[in-house]
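Okay, structure first, notes after.
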Amino acid sequence: MKLLIRAHDQLSNTIPWSKNLMRLYKYTLEIYNDLSDPNIQAVAKYAVDEHNKQITGNLVFVKILKGKEQVVAGKTYSLTIAAKNGGAGTKNYEAVVVETMRSHHFGLQSFKAL
67 MKLLIRAHDQ LSNTIPWSKN LMRLYKYTLE IYNDLSDPNI QAVAKYAVDE
117 HNKQITGNLV FVKILKGKEQ VVAGKTYSLT IAAKNGGAGT KNYEAVVVET
167 MRSHHFGLQS FKAL
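Here it is as structure tokens:
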């Protein structure tokens, strides 16, 4: 089950002319409780694979520990991922993946060890 949080920019309360621009500032933030969702799993695996390509690494995806998605002009996924590095133990990483709405292409924005 997803816990859905909707937040809206408060500009229209302070700047009268900004009411027409409100749509630009609206966003949806979803915090995932079901981290086994196949779509979220695919994004997490993409993040690990793309990180490996960028640094010629050998991380192996283990599981998602936390995840949230923000919808603005596309989707931004912020995931805390557990991954193994060869024979070493499991470490946690934070990955940010951006998905464009029109083309549905993914891009790894950041990937760092925690």
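The sequence shown begins at 67 in the working numbering and counts up one residue at a time. Note that beta-carbon positions come from the ideal geometry of N, C-alpha and C, so glycine has one too.
{"Query": "State buried or exposed for Ile130, treating a residue as buried only when at least 16 other CB atoms are found within 10 Å of its CB.", "Result": "buried"}
{"Query": "Taking 8 angstroms as the threshold (C-beta atoms), are Leu180 and Asn151 in contact?", "Result": "no"}
{"Query": "Use the C-beta contact count for Leu69: other C-beta atoms within 10 angstroms, 16 or more gives buried, fewer gives exposed.", "Result": "With a pLDDT of 41 at Leu69, under the threshold of 50, the modelled position of that residue is not reliable, and the figure given next carries that caveat. So Leu69 ends up on the exposed side."}
{"Query": "Run through the segment 102–126 for me and flag every whole alpha helix (DSSP H) of 4 or more residues, listed as ranges in chain order.", "Result": "104–121"}
{"Query": "Is it the case that the Cβ atoms of Lys134 and Tyr98 are separated by a distance below 8 angstroms?", "Result": "yes"}
{"Query": "Roughly how many angstroms separate the alpha carbons of Val118 and Gln175, rounded to a whole number?", "Result": "Reading off the sequence, residue 118 comes out as Asn, not Val. Answer to the nearest angstrom: the Cα atoms are 14 angstroms apart."}
{"Query": "Just how far apart, CA to CA, sit Val114 and Ala149?", "Result": "8 angstroms"}
{"Query": "If contacts are defined as beta-carbon pairs under 8 angstroms, then Ala110 and Ile147 qualify, I think. What distance do you get, rounded to the angstrom?", "Result": "5 angstroms"}
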